[in-house]
Amino acid sequence: MFLQIKDTSDLVKIIDIQELIDPNIDIVHGKDQEGQEEQDTDSFLKENLVFPSGENLPRCWLDANYRKATAN
100 MFLQIKDTSD
110 LVKIIDIQEL
120 IDPNIDIVHG
130 KDQEGQEEQD
140 TDSFLKENLV
150 FPSGENLPRC
160 WLDANYRKAT
170 AN
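Following my numbering, the numbering of the sequence shown begins with 100 at its first residue and continues without gaps.
#1: Under three-state DSSP, which class holds Asn86?
#2: Could you pull the start and end residues of the alpha helix (DSSP H) that Leu161 belongs to?
#3: Determine, for Arg166, whether the minimum Cβ-Cβ distance to residues of chain C falls below 8 Å.
#4: Buried or exposed, going by whether 16 or more other CB atoms sit within 10 Å of the CB of Gln135?
#5: Nearest CA to the CA of Gly129: which residue from Leu148, Pro122 and Tyr165?
Okay, structure coming up:
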């Protein structure tokens with residue numbers, strides 16, 4: 100799966116989807132897709148990533164307590 104870094108619009112290939120959808124994990128491991136050669140794996144804050152369309156990640160992927168916040 101590819102996501103985009105908010106500030107730079109660079110694409111990142113996510114290594115572990117489970118890591119991405121787990122709201123208790125703040126970072127994901129991926130490979131920046133710059134240049135023609137495969138880049139080394141790096142860590143990215145989930146809050147700095149969006150879908151390539153520009154849409155934000157689902158809140159349930161970022162906040163483990165998202166249900167409590169919407170109940171109020």
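Glycine included, each C-beta is placed from N, C-alpha and C at the ideal position.
If we stick to the structure as given:
#1: No answer is possible for residue 86: it lies beyond the span of the chain, which begins at 100 and ends at 171.
#2: Here residue 161 corresponds to residue number 62 of the sequence shown, with the count starting at 1. Arg158 to Leu161 is the span of the alpha helix (DSSP H), which, as asked, contains Leu161.
#3: As a matter of chain content, chain C is missing from the structure shown, which is built from one protein chain.
#4: Counting from one through the sequence shown, the residue named residue 135 turns up at place 36. Gln135 should be labelled exposed.
#5: Position 30 of the sequence shown holds residue 129. Among Leu148, Pro122 and Tyr165, the Cα nearest to that of Gly129 belongs to Leu148.
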